[in-house]
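This report refers to the structure that appears directly beneath it.
Residue numbers (the numbering used here): 3 to 113.
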């Protein structure tokens, strides 16, 4: 991403408000997105959630690293939104390329 910082959401109310926003689901994850008022335009406000049911900490961290990696290499994303990615169990079996393609396809739908 051209000098765009990946910023994690920190505030509980940001999460809550995002969960009330629009969402797109695919077989690997659910993407919640919404315009948060306090967001600066040159940062990508995004958080990755891997729930306990996915596996132990090592597995969950791997999932989050994978998602971060995909997002770091993604140019086409609408920066006016904040995003919350919630991984599904099937992401453990998906290969990197498929997951990336699926995410990119969904991100294209977000106008």
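For every residue, glycine included, the Cβ atom is placed at its ideal position computed from N, Cα and C.
Its Cα nearest to that of residue 57, the residue 89 stands out among 89, 73 and 35. In its chain, beyond the 5 residues on either side, 66, 69 and 87 have a beta carbon closer than 6 Å to the beta carbon of residue 50.
With a cut-off of 8 Å on Cβ pairs, the stretch 15-31 is in contact with the stretch 96-104, counting three or more such pairs. Taking 8 Å as the upper bound for CB-CB distance, residue 9 and residue 39 are not in contact here, some 15 Å apart. Just measuring C-alpha positions, the residue of 73, 108, 92 and 95 sitting nearest residue 48 is 73. Around residue 93, the same chain offers 30, 31, 65 and 101 as residues with beta carbons nearer than 7 Å, after the five sequence neighbours per side are excluded.
Here residue 32 carries a strand assignment [DSSP, helix/strand/coil].
When secondary structure is reduced to three states using DSSP, residue 26 falls in the strand class. For residue 47, there is no enclosing alpha helix (DSSP H); the enclosing beta strand (DSSP E) covers residues 45-51. Cβ neighbours of residue 62 within its own chain (closer than 6 Å, five residues either side excluded): 52 and 56.
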